Every structure is written in C-alpha cells, then in structure tokens.
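Heads up, the final residue of the sequence shown is numbered 976 in the numbering used here, and it's a clean run with no missing numbers.
Idealized CB from N, CA, C, for every residue including glycine.
Treat the numbers as computed from the prediction; the structure is a model and nothing was measured.
Step one of this worksheet: look at the structure below.
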Amino acid sequence: MIKEFKSIFIAPAGLIFLLVFVCATGCFLWLIPGAYNIPESGYASLDAFFALVPLLLILLIPALCMRVFSEEKKAKTLDLLLTRPVSVGTIIRNKIFAVFLVVLLAFLITLCHLQAVFHYALPVGNLDMGAIAGSYAGILCLSMVMISVSVFASSVTSNQVLAFIFGFLGCAGCYYGFDLVSGLFSTGKIQLFIQNLGLLAHVKSMQRGVIDSRDLIVLFSVFVLFYLLTYLVLSVRKPWHMVLSVLVAVFVLNTASAFFNFRWDLTSEKRYTVGPQTRQILHELHQPIEVILYLDGDLNAGFTRLKQSSLNILDEFSAYSSGTIHSQIIDPYQSAEPDFIEKLQSEGIRGIAVNERNKDGKIIQKMVFPWMKIASGGRSVILPLLVHQPYRSGEENLNASIENLEYRLISGIYSIVQQEERKIAFLEGHGELTEKEVKDVTDKLSHYYSIDRGELSGRKGELDIYKAVVIAGPQQTYSEGEKFILDQYLMQGGKILMFLNGVRLDYDQLAVAGATPSMANDVNLDDMLFTYGVRINPVLLEDAQCIALPVNTGKDGAADAVKPIPWYYAPLLNPVPGHPVTKDILPVKSEFVSSLDFTTGRDSIEKTPLLVTSDYTHIVHVPEMITFELADQLREMSFFEEKKQQAAVLLEGIFTSLFYRRAIPEGVIAEGKPDIRSKMTKIIVVASEEIIRNDVTETNGTIQYFPVGYDRYSQTTFGNGDFIINAVNYLTDDAGLMQLRSKQWKLRLLDMQRIQKSADLLPWLYIVTPSLILIAIYLIALIIRKKQYFY
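Right under this line is the structure:
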C-alpha cells in the first residue's frame with residue numbers, strides 16, 4: 186500500500202489533485218463571494234466547507250483514480266501483476282487505500298480552515314467541535330465510496346479518459362442520481378426509499394454531526410458493491426459463490442439495520458435529537474402530511490441557515506415517520522401561478538422586508554417569506570418560522586427561530602392529525618371581559634381549539650369536557666357553588682387560566698374625569714387561590730419600564746405640544762427566561778397590575794414566576810386616588826424602591842381541595858363525596874385583566890379590533906398574544922410538546938471586526954500557504970525517492 190501511495194503521490198496526477206483541491210477550497214471559502222464564503226456568512230462554522238467538498242470530490246477523485254488500473258492495462262503490466270503471489274483482493278485494497286491516503290492528506294492540509302474559524306470565532310474557540318467531527322467522518326466515508334466507484338471505472342477500460350468519464354458519472358450518479366429519480370414519484374414512502382438508496386441523504390445526515398448506523402451501513406454497502414464489481418472484472422476465475430454470499434450478507438445487514446440501529450448526535454446541544462414526544466407522534470402518523478416551505482430565493486446567510494435548518498428538521502421528521510411527511514420548497518417570486526404572492530397574503534403569509542448592504546455600500550431591500558404551510562386531509566395550518574424581537578439582533582432572532590423549529594413543526598402536525606376535538610371555555614356571568622374584548626385571543630386560539638362561552642349551571646362535572654377554562658377579569662363575586670364546580674374540575678385534572686384584578690377601578694370615570702378611586706377587588710376567589718398556593722395582593726404596581734401616553738403639555742391645547750409621558754401604571758412585564766411559556770417572547774403590556782405572592786405550606790406544588798416587573802418598581806397600596814395628572818410627572822429613580830414583583834405565576838402539581846372537610850354547597854348538583862386531592866394538573870394566575878384585553882373602536886357602525894398587546898401610540902405589538910397562546914398550550918399539553926420550546930442553540934458568530942482588519946490577508950493566507958506546504962511536502966518526498974532510487 187505504501188508503494189502504491191508513493192507512486193500516486195509522486196505522479197503529476199496526485200500533485201495536481203492536491204493543489205486543485207487545496208486552492209479551490211481556499212478560493213471558495215475566503216476569496217470568491219457567494220454561498221460558500223465563510224466571512225460573508227458571519228457564522229463560526231465549517232458548514233460551507235462540508236457543502237463544497239462533495240462537489241470537488243465528484244470531479245477530482247475520478248481524475249485521481251483514472252490511471253490506477255487503466256494505465257496498467259494499457260502498459261500490459263496488469264497481467265504481470267496478477268501473476269504474482271498476491272491475491273486480487275489485496276491488490277484492489279492496496280490501491281483503494283493508497284488513493285485514500287492521498288485524499289486524507291488533502292483533508293489534513295485543509296485543517297487550516299478549521300484553525301482560521303477557531304481563531305476568528307466570537308469568542309475564540311466558539312465552535313461546535315462535535316458537529317465538525319461528525320462532518321469530517323461523513324466526508325471521509327464518502328471519499329472511500331467514491332474511490333471504490335472510480336477504481337472500478339478504471340478497471341473496466343484501458344483508456345484513462347473513459348475511466349475518468351465513467352468514474353465521474355458513477356460518483357455523480359451515486360451521490361445525486363437517486364435523489365433526482367425520487368422526484369419522479371409522488372408517494373412519499375417511495376421517494377424516501379429511493380433517496381435512501383443513494384449517498385446524498387446519508388452524507389447530509391452525517392455532515393450535520395449525526396452518526397447513524399443506517400447511514401454507515403449504506404455507505405459500506407455501496408463500497409462493498411463496487412469493490413466486488415472490481416474483483417469480478419480483474420479475476421480470471423469469477424468467484425460467483427463468494428460474491429453472492431457477500432451480497433446476501435450485505436442485504437441481511439441492511440435489512441437488520443431497519444429494525445436495530447444506533448444514532449449518535451455529536452452536536453454540543455444535541456440539536457438533531459428530536460424529543461421523545463415528537464418521535465411518538467411521528468411513529469403514529471398514518472396519513473400523508475404535505476409541508477410547503479416558502480423560504481427560498483436570493484437569501485442572505487442568516488435566512489439561508491434558517492432554510493437549511495428547516496430542511497434538516499424535515500428530513501429528521503420524514504425519517505421517523507417512514508416517509509409519511511413530504512416536503513417541497515417554493516420561491517414565491519418564481520411561481521408560475523399568477524398572483525401567487527397576493528394569494529399568499531390572503532392566507533396571512535406576508536413577506537418581510539430585509540435591508541442589506543451590497544458590495545458598493547448601497548442599502549438594498551429584499552422580501553423574504555419565512556413561513557411554512559402544513560396540510561393533510563383537507564386541513565391546513567400556517568406556521569411562521571421567524572421569531573422577531575426588536576431588542577435582539579438579527580442573528581439572535583434567527584438563532585431563536587431555529588431553536589423553535591421542532592416545536593412549531595410538530596405542534597402544527599399534531600393539531601392537524603388530532604382526531605379528538607380539543608375544547609376550552611371562557612366563563613361568563615360575573616362581569617368578565619366580553620367576547621369583543623378578547624376577540625383577538627379567541628381568534629388565535631381557534632386555530633388549536635374549539636371555544637365555548639357560558640355560565641356555570643351548578644352541576645358537578647359540567648366543565649370536564651374542556652381542556653382548559655379561562656376566567657378573564659370577573660367583576661362580580663363567585664358563589665360557593667360556582668367555586669365548588671371550579672374546584673372539582675381542578676381535582677379531575679382540569680386546567681385553569683385566571684386573569685384577576687387585585688384592585689378595582691372605574692375606567693369610565695378615569696376616562697371622563699381623569700381620576701378615580703381604587704379599592705381591593707374581591708370576587709370571592711381569594712380563599713381558593715390561597716389554598717392552592719398563591720395570593721393576589723390588593724396593590725397597584727408603578728414601574729419605570731412602562732408604555733408612554735401622548736400628553737398635551739402646551740397652553741390652550743396647542744397640538745404641537747403633545748409629547749410622550751411615561752404612564753407608570755402600565756408596566757411592560759418581563760418574561761422570566763427559560764420556561765416554555767415565556768421563552769423568546771416580547772415584554773408583555775399591562776395596566777393596573779397587582780403583585781402575586783406564593784403562600785407557604787403547599788410543598789407538593791411547584792411554583793414558577795412567569796411575568797415580573799423591572800428592577801424599578803413602586804407599590805401603591807389601596808385605597809388610593811388614581812389620576813392621569815401623574816402621567817406628566819416624571820418620577821425620580823429613587824421612587825422605585827422595589828424589584829421584580831411577580832405579576833403572573835404557574836402552579837403545578839397535586840392540589841388539595843378547597844372543600845376538604847367542608848360540605849357541598851347548597852344548590853349544587855353532585856353525586857357522592859367531593860374529591861379532596863387532584864390529579865397532576867396546572868393553574869396559571871395573572872394579576873391583571875388588561876393583559877388579555879384587546880382594544881375595540883367603533884366608528885359609524887364599523888368595528889375595528891386591535892391585536893392584544895398593541896400600543897396604538899407607539900404602534901408596537903408586545904408579547905401578550907404569544908404569552909397567552911403559550912400559556913393555554915402549556916396547560917393543555919398532554920403530549921408534552923411545550924418542553925420542546927426549552928431547546929437552546931448556542932449562537933456562534935465570527936468576530937467581523939477582526940476579519941475586516943485581515944480582509945486582504947485572509948484569502949492569500951489560506952490559499953497560498955496550504956499550497957506552499959503541499960509543494961514542500963511533495964519536493965521532500967521526491968528528493969527522498971530519488972536518493973532511495975540512486976542508492
């Protein structure tokens with residue numbers, strides 16, 4: 186093998202292969218603008234390198250292998266070689282591994298690109314080395330397969346040009362061919378089966394840093410196939426029995442891999458390990474799922490990364506669902522359908538303007554469509570891919586979007602295939618917010634649930650058909666019988682979302698007169714909440730982090746004297762990071778919010794804050810006169826002496842009934858004794874009804890609804906809608922899908938300032954230097970060989 190390696194390496198073809206490979210990778214990664222340019226991407230990753238390498242190998246490995254056997258055939262030395270006391274298999278293996286050593290040398294030299302990305306990462310060394318190791322393993326396995334294909338091509342002809350052409354077609358066909366052929370079929374399972382016969386799907390999986398035994402077995406099987414074909418071509422006596430035995434063994438191995446396999450996710454965040462909840466849902470899929478991705482076209486590096494991540498997770502889903510999920514990509518601007526973009530907009534799929542700076546320094550605007558549509562059985566759901574938070578950078582928003590991909594996709598699939606009707610109820614009869622005042626929330630929830638509204642009738646179990654019950658800002662007291670119905674609903678595992686005011690105000694009087702008294706709001710639920718583990722305090726919270734109101738500060742109502750003044754009674758509540766309900770949502774707009782405390786003695790209940798005020802909060806104890814005159818008075822920061830007051834909390838666990846050792850209230854229709862211990866269940870309590878209320882205006886009989894959390898003065902929509910949807914989904918999450926929102930991907934960026942300083946040096950450093958190192962190695966090897974030959 187060493188002799189073969191020396192002959193290949195010293196030969197001009199070997200040197201040309203290495204120089205072309207090293208120079209091409211350096212040029213594409215550091216010099217030529219485009220999809221493979223690392224500095225242009227802005228990410229500390231070698232994904233561009235691993236995407237480029239297969240294209241180079243398809244062209245260069247056949248060129249490197251074309252003379253392995255064809256030259257010996259042409260020179261008539263092959264017959265002499267076969268007469269020596271060395272088996273045909275040994276000859277083939279030596280030549281294959283000799284070529285592999287040359288390819289391995291090329292990869293070792295290109296480790297300089299890894300060193301460059303490592304050095305320019307922010308901070309230094311911020312790389313996912315596990316993913317890179319898996320990608321290198323995939324590329325090395327692919328190289329072995331392509332070498333076996335090219336060696337076979339060289340064995341069937343004495344013409345080196347034909348050997349190159351056959352090798353090129355064989356490598357390209359094995360890598361891309363089956364994927365292209367699969368597009369001729371419409372059935373997802375057939376497409377998946379044909380794709381899995383080729384190399385592309387398996388190498389792509391390994392390039393992500395995922396080592397799957399099925400991928401290794403397929404690559405090994407293709408290698409063995411072409412090795413046996415070469416063996417048959419070169420053998421004088423054709424060993425058909427041995428060949429058939431090996432093929433049968435390979436077939437059995439592939440069949441067994443479908444039932445027994447292992448999978449290693451080498452990425453540091455286990456980003457390609459789908460959750461057990463996802464796997465269960467995908468395994469149980471029986472109906473075809475069509476997924477359309479609209480994120481395509483001329484995308485920048487960030488959106489290209491989001492697109493690729495979406496395709497990766499769809500590939501994972503397709504594998505776990507045995508081909509039930511079929512996906513396609515559509516560029517809205519390239520669609521042949523007329524008025525396609527207008528059709529998308531009518532479905533709620535709107536483009537997002539992205540401003541970018543071109544090479545000339547000019548700002549250009551592009552429209553992208555980061556949306557996905559899932560359809561099956563006449564039902565469909567539209568999913569936004571992009572998480573947009575104004576206070577985060579574009580890279581952080583894209584990274585958060587990638588983190589949420591698995592949850593959004595599987596929750597969309599689950600909502601479509603779910604056969605059981607999922608219902609939630611909004612209670613009425615106590616002055617709760619009207620249907621118009623929560624219309625935006627109910628419209629959003631209607632994508633997931635059937636929604637009922639109504640009053641309690643006094644019958645135990647009447648709420649048991651609902652996944653969750655929402656109590657939105659009651660003003661009148663609950664009777665003991667109604668509390669019993671709610672309590673027993675909770676004991677049966679029911680979920681409750683409460684928006685309760687700790688303080689009562691007269692909003693009409695405040696709007697007309699500019700002032701109103703405030704008092705504690707007692708709706709007769711305090712004892713029930715106290716028993717469960719939480720207390721709403723009869724206070725109002727002023728916060729320096731708040732929305733602004735337009736106030737006219739000029740004389741005689743001059744219009745040009747209107748300016749924004751902080752309205753401290755409308756805090757912007759901070760989501761507590763890390764919980765599935767609050768992860769990656771904007772601050773939540775509130776008004777006249779109270780604080781919440783946890784009560785002691787309920788150790789079996791897990792208590793989690795969800796929304797809190799800022800570090801600059803003031804507590805107003807009622808009764809107190811609330812007036813708009815405070816809006817034009819700027820507070821000193823010393824006024825805000827409190828920190829992080831809880832405004833929304835989650836309680837989960839096994840609750841004790843309020844009616845433990847108490848009689849069933851009169852008028853309640855109930856059989857048997859009340860339940861005194863609940864099943865595992867959850868409650869979310871929010872200390873302000875304003876968080877769920879949407880503004881409504883009516884002009885000349887026309888009603889206009891504003892999104893929940895929308896501030897008309899700043900024209901900003903805050904995180905209220907996401908918070909409420911997440912809260913309801915978390916409460917009703919029997920499949921545990923909300924836990925998938927806790928996934929985190931570490932953001933790995935390049936230090937662009939340091940790269941800009943070295944911009945002129947980098948291309949030559951990583952093109953010329955590796956080439957010089959390679960030439961130096963070649964010259965040393967050449968000198969050593971001449972000395973050996975001379976002596």
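Name, in chain order, the residues that DSSP records as bridge partners for Val-834.
-> On the sequence shown, residue 834 is found 649 positions in, with the first residue counted as 1. Partner(s): Pro-794 and Val-870.
How about Gly-1001 and Ser-320: are their beta carbons less than 9 Å apart?
-> No answer is possible for residue 1001: the residues shown for the chain start at 186 and end at 976.
Selected residue, minimal CA-CA separation from Glu-368, among Gly-646, Ile-514, Phe-234 and Phe-285 = Locating residue 368 in the sequence shown gives position 183, counting from the first residue. Note that residue 368 corresponds to Gly in the displayed sequence, not to Glu. Of the listed residues, the one whose Cα sits closest to Gly-368 is Ile-514.
Name the one or two DSSP bridge partners that His-573 has.
-> Locating residue 573 in the sequence shown gives position 388, counting from the first residue. Looking at the DSSP output, His-573 shares a beta bridge with no other residue.
Assumed close pair Val-626, Ile-877 - CB separation to whole angstroms, cut-off 8 Å = Here residue 626 refers to the residue found at position 441 when the sequence shown is read from its first residue. Here residue 877 refers to the residue found at position 692 when the sequence shown is read from its first residue. Indeed they touch by this definition, with Cβ atoms about 6 Å apart.
What do you get for Asn-885, buried or exposed, if any count of 16 or more other CB atoms within 10 angstroms of its CB means buried?
-> Residue numbering aside, residue 885 sits at position 700 when the sequence shown is read from its first letter. So Asn-885 counts as exposed.
Could you round the C-beta distance between Gln-830 and Thr-882 to whole angstroms and report it? I think they count as a contact, below 8 Å.
-> Taking the sequence shown and counting its residues from 1, one reaches residue 830 at position 645. Taking the sequence shown and counting its residues from 1, one reaches residue 882 at position 697. Contact check for Gln-830 and Thr-882: beta-carbon distance about 32 Å, past the 8 Å limit, so the pair fails to qualify.
CB of Ala-316 within 9 Å of CB of Ala-248, strictly = Residue numbering aside, residue 316 sits at position 131 when the sequence shown is read from its first letter. Residue numbering aside, residue 248 sits at position 63 when the sequence shown is read from its first letter. It is not a contact, given that the beta carbons lie outside the stated cut-off.
In three-state terms, what does DSSP make of Ser-664?
-> Against the sequence shown, residue 664 aligns to sequence position 479. The answer is coil: DSSP assigns Ser-664 none of H, G, I, E or B.
Taking the continuous beta strand (DSSP E) assigned at Ile-514, which residues delimit it?
-> What you label residue 514 is simply residue 329 of the sequence shown in a count that begins at 1. First-last of the beta strand (DSSP E) with Ile-514: 510-514.
If you pair each beta-carbon of the stretch 685-696 with each one of the stretch 647-655, do three or more pairs fall below 8 Å?
-> Verdict: no, contact absent.
Using a Cβ-Cβ cut-off of 8 Å (strictly less than) and excluding sequence neighbours within five positions of Asp-500, which residues of its own chain qualify?
-> On the sequence shown, residue 500 is found 315 positions in, with the first residue counted as 1. Around Asp-500: Ala-386, Lys-389 and Ser-390.
Local conformation of Asp-524 per DSSP, three classes = Mapped onto the sequence shown, residue 524 falls at position 339. Looking at Asp-524 - three-state DSSP - the assignment turns out to be coil, as it is neither helix nor strand.
Grab the span of the alpha helix (DSSP H) containing Gly-487 for me, first residue to last.
-> For the purposes of this step, residue 487 is identified with residue 302 of the sequence shown, where counting begins at 1. Element bounds for Gly-487: 486-505.
Which residues in the same chain have their Cβ closer than 8 Å to the Cβ of Leu-954, if we skip the five residues on either side of it in sequence?
-> Residue numbering aside, residue 954 sits at position 769 when the sequence shown is read from its first letter. Rather than Leu, the amino acid found at residue 954 in this sequence is Thr. Taken in chain order, the residues that qualify are Cys-297.
Quick one: using the 10 Å Cβ neighbour count with 16 as the cut-off for buried, is Trp-949 buried or exposed?
-> Looking up residue 949 in the sequence shown gives position 764. So Trp-949 ends up on the exposed side.
For my contact list, Pro-723 and Ala-705 are in at a C-beta cut-off of 8 Å; report their separation, rounded to the angstrom.
-> In the sequence shown, counting from the first residue as 1, residue 723 sits at position 538. In the sequence shown, counting from the first residue as 1, residue 705 sits at position 520. Contact holds; Cβ gap of about 4 Å.
Should Asn-446 go down as buried or exposed, given a rule of 16 or more other Cβ atoms within 10 Å for buried?
-> Position 261 of the sequence shown holds residue 446. Asn-446 should be labelled exposed.
Assumed close pair Arg-638, Glu-613 - CB separation to whole angstroms, cut-off 8 Å = As a first step, residue 638 is located in the sequence shown; it is residue number 453 there, counting from the start. As a first step, residue 613 is located in the sequence shown; it is residue number 428 there, counting from the start. Confirmed, about 6 Å.
Just the C-alpha distance for Ile-474 and Ser-495, rounded to the nearest angstrom, thanks.
-> For the purposes of this step, residue 474 is taken as the residue at position 289 of the sequence shown. For the purposes of this step, residue 495 is taken as the residue at position 310 of the sequence shown. C-alpha separation (whole angstroms): 16 Å.
Boundaries (first-last residue) of the beta strand (DSSP E) holding Asp-637 = Start at 1 with the first residue of the sequence shown, and residue 637 comes out as number 452. Asp-637: member of the beta strand (DSSP E) spanning 635-639, first to last residue.
Contact set for Ile-375: own chain, Cβ-Cβ below 8 Å, skip 5 residues either direction | As a first step, residue 375 must be located in the sequence shown, where it is residue number 190. Closer than 8 Å at the Cβ level, and outside the excluded window around Ile-375, lie Ser-367 and Gly-508.
If we ignore side chains and look at the alpha-carbon of each, how far apart do Val-761 and Lys-768 end up?
-> Locating residue 761 in the sequence shown gives position 576, where the first residue counts as 1. Locating residue 768 in the sequence shown gives position 583, where the first residue counts as 1. CA-to-CA, the gap between Val-761 and Lys-768 works out to about 8 Å.
Since Leu-836 and Lys-867 are thought to touch, with beta carbons under 8 Å apart, how far apart are those beta carbons, to the nearest angstrom?
-> In the sequence shown, residue 836 corresponds to position 651, counting from 1. In the sequence shown, residue 867 corresponds to position 682, counting from 1. Between Lys-867 and Leu-836 the Cβ distance is about 7 Å, and since that is below 8 Å, they are a contact.
Take every Cβ of the stretch 223-242, pair it with every Cβ of the stretch 205-213, and state whether three or more of those distances are shorter than 8 Å.
-> Here the stretch 223-242 lies against the stretch 205-213, with 3 or more beta-carbon pairs under 8 Å apart.
Hey, how far is the Cα of Ser-956 from the Cα of Gly-358?
-> In the sequence shown, counting from the first residue as 1, residue 956 sits at position 771. In the sequence shown, counting from the first residue as 1, residue 358 sits at position 173. If I take the Cα positions, the gap works out to 31 Å.
Pull up the CB-CB distance for Leu-216 and Ile-952, whole angstroms please, since I reckon it's below 8 Å.
-> Along the sequence shown, one-based indexing puts residue 216 at 31. Along the sequence shown, one-based indexing puts residue 952 at 767. Right, the Cβ-Cβ distance comes to about 7 Å (below 8 Å), so this counts as a contact.
At what residue ranges does the stretch 680-708 contain a whole run of the alpha helix (DSSP H), taking only runs of 4 or more?
-> As far as the stretch 680-708 is concerned, its whole alpha helix (DSSP H) runs of at least 4 residues are 692-698.
7 Å CB neighbourhood of Gly-857 in its chain, flanking five on each side removed | On the sequence shown, residue 857 is found 672 positions in, with the first residue counted as 1. Contacts found: none.
Does the count of Cβ pairs from the stretch 573-592 and the stretch 910-919 closer than 8 Å reach three?
-> As far as the Cβ criterion goes, the stretch 573-592 does not touch the stretch 910-919, which means the pair count is below three.
Could you give the residue range of the alpha helix (DSSP H) that holds Met-937?
-> For the purposes of this step, residue 937 is taken as the residue at position 752 of the sequence shown. That run of the alpha helix (DSSP H) goes 937-942.
Tell me, please, whether the stretch 305-314 touches the stretch 268-280 by the rule of three or more beta-carbon pairs shorter than 8 Å.
-> Not touching, per the Cβ criterion.
Residue environment, Asn-911, which counts as buried when at least 16 other CB atoms sit within 10 Å | Taking the first residue of the sequence shown as position 1, residue 911 is located at position 726. Taking all protein chains shown into account, Asn-911 has 16 or more neighbouring C-beta atoms within 10 Å of its C-beta and is therefore buried.
Beta-carbon contacts of Phe-975 that lie in its chain and below 7 Å, excluding the five residues immediately before and after | Walking along the sequence shown from the start, residue 975 turns up at place 790. Low local confidence applies: a pLDDT of 48 at Phe-975 is under 50, so the model's placement there is unreliable, with the coordinate-based value given in what follows. Only residues of its own chain outside the window of five on either side were considered, and among them none has a CB closer than 7 Å to the CB of Phe-975.
Alpha helix (DSSP H) runs contained entirely in the stretch 261-329, provided each spans 4 or more residues = The stretch 261-329 contains these whole alpha helix (DSSP H) runs: 263-267, 273-294 and 296-305.
Residue span of the beta strand (DSSP E) that contains Leu-840, given as start and end = Counting from one through the sequence shown, the residue named residue 840 turns up at place 655. Note on identity: in this sequence residue 840 is Phe, with Leu being the wrong assignment. Where Phe-840 is concerned, there is no enclosing beta strand (DSSP E), given that its DSSP letter is neither H nor E.
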